[in-house]
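Undergrad: Numbering-wise (this note's numbering), the sequence shown opens with residue 1203 and increments by one.
Just so it is clear, CB atoms sit at the ideal spot from N, CA and C, and this is done for glycine as well.
What follows is a single structure, and I will ask about it in a moment.
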Amino acid sequence: MDASPTPLDLPELADRAGVSIRTVRYYIQQGLLQEPEARGPGAHYTEEHLDRLLLIKRLQKEHLPLSEIRKAIQSGAAEAAIPRSARDYVRSVLGKASAPMQVSSPPMMQQPEEPVRSQWERITLAPDIELHLRRPLSRGVNKKVERLLDVARDIFEEDQ
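The structure is reproduced here in structure tokens:
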């Protein structure tokens, strides 16, 4: 990008970066982007803001979550945070070596595992308050849920 001294207003910045105005404001709120040099209608942004937005978009295309992008930007290692593949990202998160895996032939097709059947149960604790459970639960977890329900019902009955 050429570093033009012309300041950008918010709509122009968002348009040039290919994001919405709301996204720019959200990134500022989340600490991904610096605040503008002035506030209110006179707020203006620089080419650095545009470069940062383009970097964030590039990292998002690599499927990095905003929390990882924030860490990379704050540590100054944003460029190094761009993995070569999703597999490299998963390895970096899991703390394994990030060397790319060489696959000479396609993997063999595996039979999909039979899905575990489950059912959601909705338990009303009070008006407008519900607890959602995925059944079946283990015996130990089921006992804890029963204790939780007893306590919750006691709490909500106190208010009546």
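Entirely within the stretch 1230 to 1266 and at least 4 residues each: give me those alpha helix (DSSP H) ranges in chain order.
TA: Within the stretch 1230 to 1266, the complete alpha helix (DSSP H) runs of at least 4 residues are 1249 to 1263.
Undergrad: Do the CB positions of Leu-1335 and Val-1353 come within less than 8 Å of each other?
TA: Start at 1 with the first residue of the sequence shown, and residue 1335 comes out as number 133. Start at 1 with the first residue of the sequence shown, and residue 1353 comes out as number 151. No, these two residues do not count as a Cβ contact at 8 Å.
Undergrad: For Leu-1210, which residues in the same chain have their Cβ closer than 6 Å to its Cβ, ignoring the five residues on either side in sequence?
TA: Counted from its first residue, the sequence shown places residue 1210 at position 8. Closer than 6 Å at Cβ, skipping near neighbours: Tyr-1247.
Undergrad: Assuming contact is defined by CB atoms lying nearer than 8 Å, are Arg-1272 and Gly-1220 in contact in what I supplied?
TA: Indexing the sequence shown from 1 puts residue 1272 at position 70. Indexing the sequence shown from 1 puts residue 1220 at position 18. Not a contact, by the Cβ cut-off of 8 Å.
Undergrad: What residue range is occupied by the uninterrupted alpha helix (DSSP H) comprising Leu-1212?
TA: Mapped onto the sequence shown, residue 1212 falls at position 10. Per DSSP, Leu-1212 belongs to the alpha helix (DSSP H) from 1212 to 1219.
Undergrad: In three-state terms, what does DSSP make of Pro-1285?
TA: Along the sequence shown, read from residue 1 onward, the residue named residue 1285 stands at position 83. Low local confidence applies: a pLDDT of 49 at Pro-1285 is under 50, so the model's placement there is unreliable, and no value is given.
Undergrad: Between His-1251 and Leu-1235, how many whole angstroms is the CB-CB distance? I'm expecting something under 8 Å.
TA: Locating residue 1251 in the sequence shown gives position 49, where the first residue counts as 1. Locating residue 1235 in the sequence shown gives position 33, where the first residue counts as 1. At roughly 6 Å, the Cβ-Cβ gap stays under 8 Å, so His-1251 and Leu-1235 are in contact.
Undergrad: Suppose you measure from the CA of Glu-1249 to the CA of Ser-1269; what does that come to, to the nearest Å?
TA: Residue numbering aside, residue 1249 sits at position 47 when the sequence shown is read from its first letter. Residue numbering aside, residue 1269 sits at position 67 when the sequence shown is read from its first letter. Each residue's alpha carbon lies about 23 Å from the other.
Undergrad: Please report how far the alpha carbon of Ile-1357 lies from the alpha carbon of Leu-1212, in whole angstroms.
TA: Here residue 1357 refers to the residue found at position 155 when the sequence shown is read from its first residue. Here residue 1212 refers to the residue found at position 10 when the sequence shown is read from its first residue. Their backbone Cα atoms lie some 49 Å apart in a straight line.
Undergrad: Which one of Asp-1330, Leu-1339 and Pro-1329 has the shortest CA to CA distance from Glu-1323?
TA: Numbered from its first residue, the sequence shown carries residue 1323 at position 121. Selected option, being the one with the closest Cα: Leu-1339.
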